[in-house]
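Novice: Residue numbers (the numbering used here), protein chains in the order written: chain A, 877 to 1363; chain B, 48 to 544; chain C, 2 to 488.
For glycine and all other residues, C-beta sits at the position ideal for the given N, C-alpha and C.
A quick note: this is a predicted structure, and the numbers were derived from the prediction, not measured.
Sharing a structure below in structure tokens format, with a few things to ask.
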Amino acid sequence: MSVSLLCIVILFPMLVGALIPVLPFSNRKQMELYLFAMVVLNSLLVWTLILLHPAESLTVAKFTGNLTITFRLDGMGMVFAGLVATLWPFATLYAFEYMTKESHEKVFFFFYTMTYGVTLGIALAENILTMYFFYELLTLVTVPLVMHTLTREAILASRKYLYYSLGGAAFAFIGMIFIILYGDTISFTYGGVLDLHKIGNRVDILLLIYVFSFMGFGVKAAICPFNSWLPQAGVAPTPVTALLHAVAVVKSGAFAILRLTYFSYGMEFLRGTWAQQVVLAITSFTIVYGCGRAIKETHLKRRLAYSTISNLSYILFGAALMSPAGLVGALSHLVFHAFMKITSFFCAGAIMHQTEKHYVHELDGLGYAMPKTFTIFTLSALALMGVPGLAGFISKWNLAYAGIESGLPLGYIGVGCLLVSALFTAIYMMTIVIRGFFPGEGFDKNQVASFQDPNWKMLLPLCFFTVFILYFGLFSSSFIGFLQSLI
Amino acid sequence: MDIIRNFPAIAILLCLFAGIFSSGLKEKAAGLVNSCLIVIEIGLNLATLLYTISLGDSFVYVMGKFPAPWGNELRVGVLEALLALFFCVIMFLSMWGGKHKLKDEVDPEKTFLYYVLLDLLLSSLLALIYTNDLFTAYVFVEINTISACGLIMIRQNGRTIEAAVRYMIMSLLGSGLLLLGICMLYDMTGHLLMSNIHEAILTIVAEGQYTIPLLIMIALISVGLAIKSALFPFHAWLPDAYGYSTVSAAAILSSLVSKGYIFLLIKIMYRVVGIDIFRNSHITDILFLFGLMGMIFGSLSAIRENDVRRMIAFSSVAQIGYIYMGFGMGTEAGMVASIFHILSHAATKSLLFIAAIGLTEVSDGKRQFIYLTGSGYRNKMSGVTFTVGSLAMVGVPLFSGFISKLLFSQAAILNHGKMLPAMIVLAISTILNAIYFMKTVIRIYTPVPNSPYPPMDLREHWRYATALFLFIVLNVVLGVFSDPIVRLISNGLAMLG
Amino acid sequence: MITLLTMLGIPFFFGLFLCCNRNITNRKTLLSIVSLGFVATAVVTVFSWTSLLEQEITVFWLTQNLPLMFHLDRIGLLFSILALVVFLCAGFFSFSYMEHEKKERRYYGFYFLVLAILQGLCFAGNMVTYYLFFELLTLSSLPLVMQENTKEAIMAGLKYLFYSLCGAYFCLFGFYILFQNESTISFLWGGNLLADSIVAHPVLLQVAATCMIFGFSVKAGMFPMHGWLPTAHPVAPAPASAALSAVIVKAGVLGIIRVIYYQFGAFFLQGTKVQTLFLSLSLITVFMGSLLAYGEPVLKKRLAYSTVSQVSYILFGLFLLQGTAFTGSMLHVLGHGFMKASLFLCAGAIIHLTGKTRVEEFTGLGKEMPILLWCFTISSLGLIGIPPTGGFLSKWYLAIGALDSEIPFFSYVGPVVLLLSALLTAGYLLPITVKGFLPGAEFDTEKITKKEPNLWMLLPVLILTVLSVLMGILPNGLLGFLGSVFR
């Protein structure tokens, strides 16, 4: 029974999504109710699955040879699936309110709910082929979401997103083929599956392919120089940018890289090779680059998108360290960053929704008009900066610990980059906060008097996420302990 | 069950007779004959396939009971039967899907000719697949060329005539080279039957004679067939020929005709020259190189193209490049991948052509992208089908293209020397494919408010819609249940060699 | 533990209450709440000093190896006393100073928060806890700097924020390295480095030490990272500047003490390049600060530059790694704290009553407000180092310590620079007194009216002045106390 859940939680949201255009809803409220109930139900199912954590795997289809579509729930999958299942209902709730101002909602929720299933598919994939399959599928179901507004800008953005993602997948594909041919099995096994006898003297080629596929999956995780799609994709409605382009989609890229590094190639094989140096250098550079661009950016959502680029590379940096500590750091940042970034995105979305203001310089004094939103935004900003007591500090600590522990010169440099990026984060986030609360003299309060905090549908997810940020910041030992027990 | 041994010969002859018979019929009747013919062909080939599978080996059918060296032989194995069946299916679907456009495209007076040409084309294709005789092969190559030419030309406007002339010239050049090669072979060995030639060649090589003529012969045959199958850089005739002919003709030409020549080349590689000798001649390396270049440049040309059908045509150049790349690897895995790609590309390319026509139809017949904007909403079935085809071309899992990509890269990795270039070009070509196909998909799903063009009524065009649906099914079947097919191909290859 | 939490919690609660409660519009209510808060804080804090001294309390664990821990040791107590005294004095001073300012409620709210955080900072028992409060201190004192809400104040606030964070991240980097090379995480007099690590990679540890000291020195306003101090301190309201200049910069000092004496250990750093580097930097700062103050016409800015110079006296003493010098430094921590607070409050009173900010406008001020100017004079004398004030004593110890340390070059150059700087200090402080009391012949004494500030303002100044003098007159208790710290 619990094994079949593996498949159900993936297919159920797809079905729910597919039914939206079909079912005869008489008004918007009915659709909301239906969707929300179904999404919550699926999340509950995911959590049941996590609590039962069946050890068996479930094979659904078989391609040529030993290539199968198989699902299994392992520790890493648990983390990602749990994260997605926790965020999705709240994001859906938020989306109901946000989408009141956008058109053709049904199409939107159709794809939005499908994405839920596909993301879970990535989390629950048992082998690299299954993951690749859902990875491609994820691109396809999210393109319509980016395109949603159908403005010229949105179409260009979705085109770019599509090219980048498919192109990245093409390179990741090469890595997958290598695993298929040189691995004992294609299933994810901690420590890697490569058969050293088969490789023989072709280690360098294999490493080159590793770098290729790292970059290939890295496209979704917006690694430099393949990052430009992410800020552009910010034209999508905020629930999409917040949930997909800060969590589900981009984290899938990071998740895939973690799988590739730790569960397919294996850290023993990769550690200390030139490939590690290369990926470390690239991720460290992206960490700083993303933040630097964020400072320059004046559009609020795009600024956050650049911040995401940098933060995703934190995770990839953890992956590139190729040590158990690195994995713990990467996973903890994967989870914590999700909460922090979705909070800040939702705040940005709330601001845009309530005031129609999109640029940082327009935010003067809004802290008075929307105190709750801005306070939560401040908190998420502080968490992103890595102020102790909030979640960001813990994950950065774990990453830095792994970086120093590695003893590599690039590890030290990477830790330095983390801190430079923390400073940059302070610059681009705190300027917003300070604008909101300290508008400067000559500011007329009446300018913002007409604006107010959004209603509970938007605030509830925000408050919930804030609690998580605080909770993980203060009491993370059990969670980190859980991550360590995965290894 | 030995009666089935006659089926391949019956199939070929049936087509020839149907063609001759149709020339005296009216438009409608010829069409009916054609449809029936293809259905029968499907049945015959299916039976042959099942028979060969149960036989577990290939068999030789001697025409008219004249033994070699005078007689004419057919050789039937799993691979041949599979391809023949597949070609018939694709042909059927392409005809089915393009039928409603025929009256706009072809002068009603001449429509019966169109069917005649199609019948002849099918017969030549089947003959190319089954024949065990180089001379017969050459004869049917010529029949094929002429009927293809006619198919291009039958839609009478200035451009098709120009395209047909161009096609004719290039094709005849290819045939000429092929003929030269066959002559040299005959000179060297004194045989025309493939199996006999092969034995002779083995002794020649063992004795170390004729090394240079042998090389030249291989080169001539390869180049000749490469020209005819539009391998880069011999593809100049292709975009016009596919771009301006009738829909069904374009679908058939791109997915079947070029594949017939490719299969002939495979036969020559395995049955005549012998794969080892072929590989040692290093012609494979040249084919590999051309294949890679084709993959890149074909796609680049497609990206530049502003006409949807010409874009699909250019994409064919890239796909043919894939197939030759598989040859070029010179391994069995590469060959399997290539043959699978013959199938998957045939299924996808004809699907794309047929779907594209639906899109242009709801855009006032204009084929430039700017007019296609939003056509996916006006013709839902075509939109979906085109999307499926594009995804298959890009190599998204679940569709046929993914499996061929998978097989190609697996083959590439097993070939140490050619691995890196093959892998990298494969990845780049995927990106390029993504660029032009996805651009189109996004274009057709970009709504235009108040579009002046009316949507298509699918109930009226149910035949078209079912054809599209079957195409999708075919694609998904190839993508999901590829395992038995791949096994059949490798069995067939073993029988061939 | 409960006592400790109450000690931190009470001011924290008052701060939060004032920040969040928008209903307090009546100034009287506000002031009574604030007074109540001050009294409660004072009582609880004094009580916990006595009951918790030398106790180690672990509150909870942030992650598995990061405890949030407090240790009420003597050195912390010293800083805690300073913080409480200065904050109470400046707090009561604000009652009348802030009369006409906007946003009083927020000002007091953050004032309390800063106080709570400072108390936590003083008693932090390990580097993580220290770092936590250090970051929070920066963030919570930021609104105090930006209180005036002018463009200048906001820019100064940003400058303050970024410099401080930059420093904090330097510390963190060093701490990341240190963490893997220390035997225990809690502060331990004499250092807690692993013996193996000292042998294995001393250079790495020295780099870590440099980073950490450098990081904390930003807060202490040491060259080359002093740029924020003269910008940020003067723009705050005078009582806030007093708190910033007298106490908050000392957070950097305490951090450096913790790093040198409690983490790496004086023994490890003795005679290394790290010591040389920081000795030179501190001496440069001492001299440069005085020089800049000498050339500065605006009083508050002049005092800020003076802080730059004076705090580096303390740092110089610390970097000597020598007992006498350490005593001198600690004396100067207290002495400078009282004197600088008193001077800033005087400056505040002058601005409040006359609106004059530039030094040349102060001619004849002694006739208008004699008591205030006397206090100013006495504090000035202390800062210059003239007996019998506390300033003399600390400088004496510093000079003796320098000579005793027998570090080549610095043991002689140090005292000389201190002396030179003292002369400059006299040069920039005494003219105010002189001109104030002796305006010169052409000054029109007719126009003078008595403008002595009211008791709310005068009393804190008096108390601080008296304390600084008492330190010089009755130093024995304090010296004994300090002797028990430096073993």
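What residue from C:I155, C:M213, C:E183 has the CA that sits closest to C:G168's CA?
Specialist: Along the third sequence, read from residue 1 onward, the residue named residue 168 of chain C stands at position 167. When each option's Cα is compared against that of C:G168, the closest is C:M213.
Novice: Along the alpha helix (DSSP H) that carries C:T64, what are the first and last residues, could you check?
Specialist: Residue 64 of chain C sits at position 63 when you count from the first residue of the third sequence. No alpha helix (DSSP H) contains C:T64, which is instead part of the beta strand (DSSP E) from 57-64.
Novice: Compare the C-beta of C:W229 against all C-beta atoms of chain A and say whether one is closer than 9 Å.
Specialist: The residue you call residue 229 of chain C lines up with position 228 of the third sequence. Not closer than 9 Å to any Cβ of chain A, the Cβ of C:W229 fails to qualify, so no.
Novice: Throw me the rounded Cβ distance for the C:I372 and C:E297 pair, which I believe falls under 8 Å.
Specialist: Looking up residue 372 of chain C in the third sequence gives position 371. Looking up residue 297 of chain C in the third sequence gives position 296. No, C:I372 and C:E297 are not in contact; Cβ-Cβ is about 26 Å, not under 8 Å.
Novice: Strictly by DSSP, which residues pair up with B:E120?
Specialist: Reading the second sequence from its first residue, position 73 is the one you call residue 120 of chain B. The partner list for B:E120 (beta bridge, DSSP) reads B:V109.
Novice: Go to B:T487, then tell me how far its alpha helix (DSSP H) extends in each direction, as first and last residue.
Specialist: Position 440 of the second sequence, counted from the first residue, corresponds to residue 487 of chain B. Segment 466-491, the alpha helix (DSSP H) holding B:T487.
Novice: Note the first and the last residue of the continuous beta strand (DSSP E) segment covering C:V299.
Specialist: To locate residue 299 of chain C, count along the third sequence from 1; it is residue 298. Where C:V299 is concerned, there is no enclosing beta strand (DSSP E), given that its DSSP letter is neither H nor E.
Novice: In chain A, which residues lie less than 7 Å from C:F174 when you measure between Cβ atoms?
Specialist: The residue given as residue 174 of chain C occupies position 173 in the third sequence. In chain order: V1291, G1292, L1295.
Novice: Considering A:A937, what are the terminal residues of the beta strand (DSSP E) in which it resides?
Specialist: Locating residue 937 of chain A in the first sequence gives position 61, counting from the first residue. Counting along the chain, the beta strand (DSSP E) containing A:A937 begins and ends at 934-938.
Novice: Can you find a C-beta in chain A that's less than 9 Å from the C-beta of C:F171?
Specialist: The residue labelled residue 171 of chain C in the question sits at position 170 within the third sequence. Output row for C:F171: interface = yes.
Novice: Quick one: list the residues of chain A neighbouring C:V129, beta-carbon separation under 8 Å, in chain order.
Specialist: To locate residue 129 of chain C, count along the third sequence from 1; it is residue 128. By Cβ distance, chain A contributes P1264.
Novice: Report the three-state DSSP secondary structure of B:M40 (helix, strand or coil).
Specialist: This structure gives no information on residue 40 of chain B, because the portion of chain B shown stretches from 48 to 544.
Novice: Over what stretch of residues does the beta strand (DSSP E) that includes C:H72 continue unbroken?
Specialist: Reading the third sequence from its first residue, position 71 is the one you call residue 72 of chain C. Taken as a continuous stretch (DSSP letters only), the beta strand (DSSP E) holding C:H72 covers 67-72.
Novice: Any residues in the stretch 1051-1077 of chain A with a beta carbon nearer than 9 Å to a beta carbon of chain B? Which ones, in chain order?
Specialist: Against chain B - using a Cβ distance shorter than 9 Å - the residues of the stretch 1051-1077 of chain A are M1052, I1053, F1054, I1056, L1057, Y1058.
Novice: According to DSSP, simplified to helix, strand and coil, what is B:T293?
Specialist: Along the second sequence, one-based indexing puts residue 293 of chain B at 246. Residue state, collapsed to three classes: coil.
Novice: Could you pull the start and end residues of the alpha helix (DSSP H) that C:T130 belongs to?
Specialist: Indexing the third sequence from 1 puts residue 130 of chain C at position 129. Run containing C:T130: 128-146, per the alpha helix (DSSP H) assignment.
Novice: For a quick check, are the C-beta atoms of C:L459 and C:A350 less than 9 Å apart?
Specialist: Taking the third sequence and counting its residues from 1, the one referred to as residue 459 of chain C is at position 458. Taking the third sequence and counting its residues from 1, the one referred to as residue 350 of chain C is at position 349. Yes, the pair counts as a contact, with Cβ atoms nearer than the cut-off.
Novice: Give the DSSP-derived three-state secondary structure of B:N522 in the structure shown.
Specialist: One-based indexing of the second sequence puts residue 522 of chain B at position 475. Here B:N522 sits in helix by DSSP.
Novice: Tell me whether A:F947 sits in a helix, a strand or coil according to DSSP, three-state version.
Specialist: In the first sequence, the residue the question calls residue 947 of chain A occupies position 71. In this structure, A:F947 counts as strand in the three-state DSSP scheme.
Novice: With distances taken from CA atoms, which of A:L1119, A:I1158, A:A1196 is nearest A:H1142?
Specialist: As a first step, residue 1142 of chain A is located in the first sequence; it is residue number 266 there, counting from the start. This sequence places Gly at residue 1142 of chain A; His is not what is there. Selected option, being the one with the closest Cα: A:A1196.
Novice: Of all the CB atoms in chain A, is at least one closer than 9 Å to the CB of C:A154?
Specialist: Within the third sequence, residue 154 of chain C is the residue found at index 153, counting from 1. At least one chain A Cβ lies under 9 Å of C:A154.
Novice: So does the stretch 166-184 of chain B actually touch the stretch 49-63 of chain B, counting three or more Cβ pairs closer than 8 Å?
Specialist: Output reads yes: the stretch 49-63 of chain B touches the stretch 166-184 of chain B.
Novice: Here's the rule I'm using: 16 or more other beta-carbon atoms within 10 Å means buried, otherwise exposed. How should C:K368 be labelled?
Specialist: The count along the third sequence starts at 1 and reaches residue 368 of chain C at position 367. With 16 or more Cβ atoms within 10 Å of its Cβ, C:K368 is classed as buried.
Novice: With A:Y1008 as the anchor, note down where its alpha helix (DSSP H) starts and where it stops.
Specialist: In the first sequence, counting from the first residue as 1, residue 1008 of chain A sits at position 132. Here the alpha helix (DSSP H) through A:Y1008 covers 1004-1022.
Novice: Could you give the distance in angstroms between the alpha-carbon of A:Q1081 and the alpha-carbon of B:M466?
Specialist: The count along the first sequence starts at 1 and reaches residue 1081 of chain A at position 205. The count along the second sequence starts at 1 and reaches residue 466 of chain B at position 419. In the sequence under discussion, the amino acid at residue 1081 of chain A is Ile, which differs from the Gln named in the question. If I take the Cα positions, the gap works out to 9 Å.
Novice: Mind checking who C:R1 pairs with in its DSSP beta bridge?
Specialist: This structure cannot speak to residue 1 of chain C, because chain C is shown only from 2 to 488.
Novice: Quick one: grab the DSSP three-state call for A:M1059.
Specialist: Your numbering for residue 1059 of chain A matches position 183 in the first sequence. Note that residue 1059 of chain A corresponds to Gly in the displayed sequence, not to Met. Three-state result, A:G1059: strand.
Novice: Does DSSP put C:L189 in a helix, in a strand, or in coil?
Specialist: Counting from 1 along the third sequence, the entry for residue 189 of chain C is found at position 188. Coil, per DSSP.
Novice: Would you decide whether A:Y1235 is buried or exposed? Buried here means 16 or more other CB atoms lie within 10 Å of its CB.
Specialist: In the first sequence, residue 1235 of chain A corresponds to position 359, counting from 1. Result: exposed.
Novice: Whose CA, out of B:H392, B:R326, B:F416, B:R202, lies closest to the CA of B:L521?
Specialist: For the purposes of this step, residue 521 of chain B is identified with residue 474 of the second sequence, where counting begins at 1. It is B:H392 whose Cα lies nearest to the Cα of B:L521.
Novice: Taking B:V443 as the reference, which of A:V892, A:A1045, A:L943 has the closest Cα?
Specialist: What you label residue 443 of chain B is simply residue 396 of the second sequence in a count that begins at 1. Of the listed residues, the one whose Cα sits closest to B:V443 is A:A1045.
Novice: Do three or more CB pairs link the stretch 333-351 of chain B to the stretch 316-325 of chain B at distances below 8 Å?
Specialist: Contact fails: fewer than three Cβ-Cβ distances are below 8 Å.
Novice: With 8 Å as the limit, tell me which residues of the stretch 47-61 of chain C have their beta carbon closer than that to any beta carbon of chain A; keep them in chain order.
Specialist: If the cut-off is 8 Å between Cβ atoms, the stretch 47-61 of chain C has F61 near chain A.
Novice: Using a Cβ distance threshold of 8 Å, determine whether the stretch 249-262 of chain C contacts the stretch 200-207 of chain C, with at least three qualifying pairs required.
Specialist: Output reads no: the stretch 200-207 of chain C does not touch the stretch 249-262 of chain C.
Novice: I'd like to know whether the C-beta atoms of C:Y132 and A:V1291 end up nearer to each other than 9 Å.
Specialist: Along the third sequence, one-based indexing puts residue 132 of chain C at 131. Along the first sequence, one-based indexing puts residue 1291 of chain A at 415. Going by C-beta atoms, C:Y132 is not nearer than 9 Å to A:V1291.
Novice: The alpha helix (DSSP H) that contains C:T7, what's its start and end?
Specialist: In the third sequence, counting from the first residue as 1, residue 7 of chain C sits at position 6. From DSSP, the alpha helix (DSSP H) with C:T7 extends over 3-21.
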